[in-house]
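2 protein chains.
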Amino acid sequence: MATSFCTKNALSLSTTYHHHHTCTNSFLKPISRDFLVSFPKSGSFSSLGRFELNASRSLRVSAASSATPVVDQSPSKTTSGAPTIVEVDLGNRSYPIYIGSGLLDQPELLHRHVHGKKVLVVTNTTIAPLYLDKTISALTDGNPNVTVESVILPDGEKYKNMETLMKVFDKAIETRMDRRCTFVALGGGVIGDMCGYAAAAYLRGVNFIQIPTTVMAQVDSSVGGKTGINHPLGKNMIGAFYQPQCVLIDTNTLNTLPDRELASGLAEVIKYGLIRDAEFFGWQEKNMPALLARDPSAFAYAIKRSCENKAEVVSQDEKESGVRATLNLGHTFGHAIETGFGYGQWLHGEAVAAGMVMAVDMSYRLGWIEDSLVKRVDRILKQAKLPTAPPEIMTVEMFKSVMAVDKKVADGLLRLILLKGPLGNCVFTGDYDRKALDETLHAFCKS
Amino acid sequence: MATSFCTKNALSLSTTYHHHHTCTNSFLKPISRDFLVSFPKSGSFSSLGRFELNASRSLRVSAASSATPVVDQSPSKTTSGAPTIVEVDLGNRSYPIYIGSGLLDQPELLHRHVHGKKVLVVTNTTIAPLYLDKTISALTDGNPNVTVESVILPDGEKYKNMETLMKVFDKAIETRMDRRCTFVALGGGVIGDMCGYAAAAYLRGVNFIQIPTTVMAQVDSSVGGKTGINHPLGKNMIGAFYQPQCVLIDTNTLNTLPDRELASGLAEVIKYGLIRDAEFFGWQEKNMPALLARDPSAFAYAIKRSCENKAEVVSQDEKESGVRATLNLGHTFGHAIETGFGYGQWLHGEAVAAGMVMAVDMSYRLGWIEDSLVKRVDRILKQAKLPTAPPEIMTVEMFKSVMAVDKKVADGLLRLILLKGPLGNCVFTGDYDRKALDETLHAFCKS
Numbered sequence: 001m002a003t004s005f006c007t008k009n010a011l012s013l014s015t016t017y018h019h020h021h022t023c024t025n026s027f028l029k030p031i032s033r034d035f036l037v038s039f040p041k042s043g044s045f046s047s048l049g050r051f052e053l054n055a056s057r058s059l060r061v062s063a064a065s066s067a068t069p070v071v072d073q074s075p076s077k078t079t080s081g082a083p084t085i086v087e088v089d090l091g092n093r094s095y096p097i098y099i100g101s102g103l104l105d106q107p108e109l110l111h112r113h114v115h116g117k118k119v120l121v122v123t124n125t126t127i128a129p130l131y132l133d134k135t136i137s138a139l140t141d142g143n144p145n146v147t148v149e150s151v152i153l154p155d156g157e158k159y160k161n162m163e164t165l166m167k168v169f170d171k172a173i174e175t176r177m178d179r180r181c182t183f184v185a186l187g188g189g190v191i192g193d194m195c196g197y198a199a200a201a202y203l204r205g206v207n208f209i210q211i212p213t214t215v216m217a218q219v220d221s222s223v224g225g226k227t228g229i230n231h232p233l234g235k236n237m238i239g240a241f242y243q244p245q246c247v248l249i250d251t252n253t254l255n256t257l258p259d260r261e262l263a264s265g266l267a268e269v270i271k272y273g274l275i276r277d278a279e280f281f282g283w284q285e286k287n288m289p290a291l292l293a294r295d296p297s298a299f300a301y302a303i304k305r306s307c308e309n310k311a312e313v314v315s316q317d318e319k320e321s322g323v324r325a326t327l328n329l330g331h332t333f334g335h336a337i338e339t340g341f342g343y344g345q346w347l348h349g350e351a352v353a354a355g356m357v358m359a360v361d362m363s364y365r366l367g368w369i370e371d372s373l374v375k376r377v378d379r380i381l382k383q384a385k386l387p388t389a390p391p392e393i394m395t396v397e398m399f400k401s402v403m404a405v406d407k408k409v410a411d412g413l414l415r416l417i418l419l420k421g422p423l424g425n426c427v428f429t430g431d432y433d434r435k436a437l438d439e440t441l442h443a444f445c446k447s
Numbered sequence: 001m002a003t004s005f006c007t008k009n010a011l012s013l014s015t016t017y018h019h020h021h022t023c024t025n026s027f028l029k030p031i032s033r034d035f036l037v038s039f040p041k042s043g044s045f046s047s048l049g050r051f052e053l054n055a056s057r058s059l060r061v062s063a064a065s066s067a068t069p070v071v072d073q074s075p076s077k078t079t080s081g082a083p084t085i086v087e088v089d090l091g092n093r094s095y096p097i098y099i100g101s102g103l104l105d106q107p108e109l110l111h112r113h114v115h116g117k118k119v120l121v122v123t124n125t126t127i128a129p130l131y132l133d134k135t136i137s138a139l140t141d142g143n144p145n146v147t148v149e150s151v152i153l154p155d156g157e158k159y160k161n162m163e164t165l166m167k168v169f170d171k172a173i174e175t176r177m178d179r180r181c182t183f184v185a186l187g188g189g190v191i192g193d194m195c196g197y198a199a200a201a202y203l204r205g206v207n208f209i210q211i212p213t214t215v216m217a218q219v220d221s222s223v224g225g226k227t228g229i230n231h232p233l234g235k236n237m238i239g240a241f242y243q244p245q246c247v248l249i250d251t252n253t254l255n256t257l258p259d260r261e262l263a264s265g266l267a268e269v270i271k272y273g274l275i276r277d278a279e280f281f282g283w284q285e286k287n288m289p290a291l292l293a294r295d296p297s298a299f300a301y302a303i304k305r306s307c308e309n310k311a312e313v314v315s316q317d318e319k320e321s322g323v324r325a326t327l328n329l330g331h332t333f334g335h336a337i338e339t340g341f342g343y344g345q346w347l348h349g350e351a352v353a354a355g356m357v358m359a360v361d362m363s364y365r366l367g368w369i370e371d372s373l374v375k376r377v378d379r380i381l382k383q384a385k386l387p388t389a390p391p392e393i394m395t396v397e398m399f400k401s402v403m404a405v406d407k408k409v410a411d412g413l414l415r416l417i418l419l420k421g422p423l424g425n426c427v428f429t430g431d432y433d434r435k436a437l438d439e440t441l442h443a444f445c446k447s
């Protein structure tokens, strides 16, 4: 029985703040933004960082991946203009995540990751009118050799299928994208998953850049290389592990995000606290009003800390043979809700929120966590305006039939992510009393 | 300009002959075949080999990957029953290729590579009546915990598409294949490519075993992990690099192969001689009559030496960033023939044979090879009953339009594999006189 305990290991994961002093490369446009950078107390200067190799000088600070993030303080350190960088450490598949406001106005961030002459931007009908022109400008300004094509897909999880994926391949072949081309995902999780899978499969793999525009994509789906599409009989059944060249998170794109989408993304943020980061959970409890008010610095911190948590887990277990599965807290119950209730009724994060409540309930029934933690989870999800129970239509049978085909079933046994011990600890295990699962299902379903 | 010279590097690639002395594992069926094994002169005994770890004792000989294979001798050393093993060295993705007659009657070879409880055999309407039952027996005899399902696809390159691939996913999901399941490709190159890609994509990757039943699949497509499907606008446009757990080549399956299919596979065998193995080419010139007469020991040697050559190249360059491209000698012209003439008119190897003649012609026009080599290529292909010119329907324009979307185009420049220097040397380059390409196209096309 494989039981992975979720512990927080410090890995070679660093957060870097860049301060552009000079701009020596003619390809770089002058940047007219505020460059003030504050460095976290725990950081230390290390002369000139990697940015200098590409174009401009920078000061590099390695910090913030310690086990004790500075609560209530870090948010105020986030500045617009200079990106915060989270490095995802995966050997020769490592890549940076740039986080900051106005990053789509800094073409050099993208240029250094585009190697060939052709780019295909994959986006959808909702995002294209808002950010496609801006993205094309960011790719081409000062980069006249690059040709950008785009394909605009219908918006929504129900289009995350083979038919829509083929539209990306059709466009790529029609526009003669070659092996050195780059696919750019501009949108939320669905676009990221589909574009990433298209990049993994086209000519057996081409470059890939993620520009996530939703909280969900910024804190979860754009980190870690899971790509894929749905099959009529199951979510994400067809796909690949495929890492991007970089992820560019411009927090300004959140300004156009509907409230419900924003809350959906917060479900994943809350998840990181529950499974491995008690201090982050405490920070969220205090700062939820700021997040709901879209405070940019609060969001930049929440995104950074979420990406760091996910990057640490993915670095330990890229292909999900163990600890990575813990990122799926609430997702097995949640997928059942999404499948049973029909995609598009509830957002992914809403289903995950209800799923987390069920996983927490089951953990409590098993005697693995304190009653006080059950209450805290309920409270923070309500604060974030997320559901704390599945839709009334769900029956025990609906849960069981979908859970039977979950990807975490191994040789017939369903493994679940459950909390165990103090806040911030969880297990991924098939070694639990089946009665607790039954009791939880019956407690949350009318029939 | 990336120019990779094709040189023959000795790698950690070994050929192992196994001699079963005893059978101590109750899962193993008694084997009632002739166990006489002769060891090549160049080999050296190394007490007990890896087979002992699994079930039975074995004698291990490391040999035959030297630069000078023993011509005219090795074929007579091949025995039925004991597999010859070629190891493909790809770090943690390494795998063995078992070669021999009657290997489908040795269940233990497959058992050690099946880890979960469920197996999906992917085959086609031609192969299923011949070898499906035998394969299911090999998977289940003495292995009662394994459940085998199968999906039988229509036969032919024209079915190597997304629609057929979806049938594999449908079957896998309907039969609840989980992450620990194994997909088994039973058939030729089309089945191997599709089943391999399905295995790469299903649940983002499951175990995969190849049982190739054609010469083409045994010497080429089953080695090296290229998987994928065609797009209406181009061959193998969608796919993945995905390595199997093992390849099992039972040379008895060649007994049911049509003559034309047999010759098609020989085109790839001849290719290995041309690009990197002059002595193997010399062996082929002498032994072509034996190959055409399906002499089992001649075939076992041709397959072994081909797999070794391919394995060495793939070990150096798994993702085809350089030297691996040399395996595509004749394939760029050949793909144009297949696309222009329509899939299914000519077999892949037939198109490659004509394509190799064109590549050799162009190499000669560039002054890179001797006239005598041109003649030897023409002679051996005719001996193998393969075409030495494209079909008359092909025009210069048809070649050019298909070659423009070749996967080896980088930033608009078509790179080709051409012979350069003495037999056994080639280059992969975009640095050639365009006039020579034009002259070759006009020499082989009426308009």
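Which chain is which? The protein sequence lines are P and B, in order. For the first sequence, position 91 (counting from the first letter as 1) is numbered 91 according to full-length UniProt numbering, and the numbering increases by one without interruption. For the second sequence, position 266 (counting from the first letter as 1) is numbered 266 according to full-length UniProt numbering, and the numbering increases by one without interruption. Glycine included, every Cβ here is placed at the ideal spot set by N, Cα and C.
#1: Just to make sure I have the definition right: I need the residues of chain P whose C-beta is within less than 8 Å of the C-beta of B:A410. Which are they?
#2: Closer than 8 Å by beta-carbon distance: list the chain B residues that pair up with P:A200, in chain order.
#3: Out of P:E312, P:H335, P:G225 and P:T175, which one is the CA nearest neighbour of P:S401?
#4: Need the endpoints of the beta strand (DSSP E) that P:T147 sits in, please.
#5: In its own chain, which residues sit with a C-beta less than 7 Å from the C-beta of B:F241, not counting the 5 before and 5 after it?
#6: Could you name the residues that DSSP lists as bridge partners for P:K226?
#7: CB P:C426 to CB P:I270, shorter than 8 Å?
#8: Please compile the residues from chain P whose C-beta is within a distance smaller than 7 Å of the C-beta of B:M394.
#9: Could you tell me whether the Cβ of B:K286 comes closer than 8 Å to any Cβ of chain P?
#10: Given that P:M398 touches chain B, what residues does it touch there, using C-beta distances under 9 Å?
#11: Should the region 125-132 of chain P be regarded as contacting the region 414-431 of chain B, the criterion being three or more beta carbon pairs within less than 8 Å?
#12: Against chain P, with Cβ distances strictly below 8 Å, would B:F183 count as a contact?
#13: What's the C-alpha gap between B:G91 and B:V146?
#14: State whether the region 158-173 of chain B contacts the region 378-397 of chain P, with contact taken as three or more CB pairs (one from each stretch) at a distance under 8 Å.
#15: Cα separation between P:P154 and P:V119?
#16: Could one say the Cβ of residue 452 of chain P lies closer than 8 Å to chain B's Cβ atoms, at least one of them?
#17: On the premise that B:A354 lies in contact with B:T388, defined as a C-beta separation below 8 Å, what is that separation, rounded to the nearest angstrom?
#18: Below 8 Å on the Cβ atoms is my contact criterion, and I expect P:T251 with P:S101 to pass it. Report the Cβ-Cβ distance as a whole number of Å.
#19: Taking the continuous alpha helix (DSSP H) assigned at B:C307, which residues delimit it?
#20: Quick one: residues in its chain with C-beta nearer than 8 Å to the C-beta of B:D72, no 5 flanking neighbours on either side, listed in chain order?
#21: Helix or strand or just coil, what does DSSP make of B:H231?
#22: Within 8 Å of any Cβ in chain P, is that where the Cβ of B:F299 sits?
#23: Looking at B:I441: is its Cβ nearer than 8 Å to the Cβ of B:F399?
#24: For a cutoff of 8 Å on Cβ pairs, would you count P:R204 as touching chain B?
#25: Leaving out five residues on either side along the sequence, give the residues of the same chain with a beta carbon under 7 Å from the beta carbon of B:N236.
#26: Restricting to Cα atoms, I'd like to know which of P:V247, P:L203 and P:Q243 is closest to P:G188.
#27: How big is the Cα-Cα spacing for P:F333 and P:I369?
#28: I'd like the list of long-range same chain contacts for B:P96, defined as Cβ closer than 6 Å, with 5 residues on each side in sequence excluded.
#29: Give me, in chain order, the residues of the same chain whose beta-carbon lies closer than 7 Å to that of P:A290; leave out the 5 immediate sequence neighbours on both sides.
#30: Between the C-alpha atoms of B:V409 and P:A384, what's the straight-line distance to the nearest angstrom?
#31: Can you find a CB in chain P that lies within less than 8 Å of the CB of B:V405?
#32: Would you mind stating whether P:V122 and P:V148 have Cβ atoms separated by less than 8 Å?
#33: Can you pull the chain B residues whose beta carbon is under 7 Å from the beta carbon of P:H231, in chain order?
#34: Show which residues of chain P have a CB atom less than 8 Å away from the CB atom of B:K226.
#35: I'd like to know whether the C-beta of residue 471 of chain B is nearer than 8 Å to at least one C-beta of chain P.
#36: With a threshold of 7 Å on Cβ separation, who are the neighbours of P:L413 within its own chain once the five nearest residues in sequence on each side are excluded?
According to the structure data:
#1: G116, D178, R179 and R180
#2: A240
#3: P:H335
#4: T147 to L153
#5: G225, K226, E318 and K319
#6: P:F241
#7: no
#8: Within chain P, no residue comes near B:M394; the closest Cβ sits about 22 Å away, beyond 7 Å.
#9: no
#10: What P:M398 touches in chain B: nothing, since even the nearest Cβ is about 17 Å away.
#11: no
#12: no
#13: 28 Å
#14: no
#15: 20 Å
#16: Any answer about residue 452 of chain P is impossible in this case: the structure gives chain P only from 1 up to 447.
#17: 7 Å
#18: 5 Å
#19: P296 to Q316
#20: Any reading at B:D72 must be qualified, since the residue scores a pLDDT of 41, below 50, and its modelled position is unreliable; the value itself is stated next. For B:D72, where only same-chain residues beyond five positions count, the Cβ hits under 8 Å are W283, K286 and N287.
#21: strand
#22: no
#23: The amino acid at residue 441 of chain B is misidentified as Ile; the sequence shows Leu. Taking 8 Å as the Cβ cut-off, B:L441 and B:F399 qualify as a contacting pair.
#24: yes
#25: G228 and N230
#26: P:V247
#27: 19 Å
#28: I85, E87 and C246
#29: A298
#30: 51 Å
#31: yes
#32: no
#33: F169 and I173
#34: R204
#35: Lying before the first or after the last residue shown, residue 471 of chain B is absent from chain B, which here runs from 1 to 447.
#36: G430
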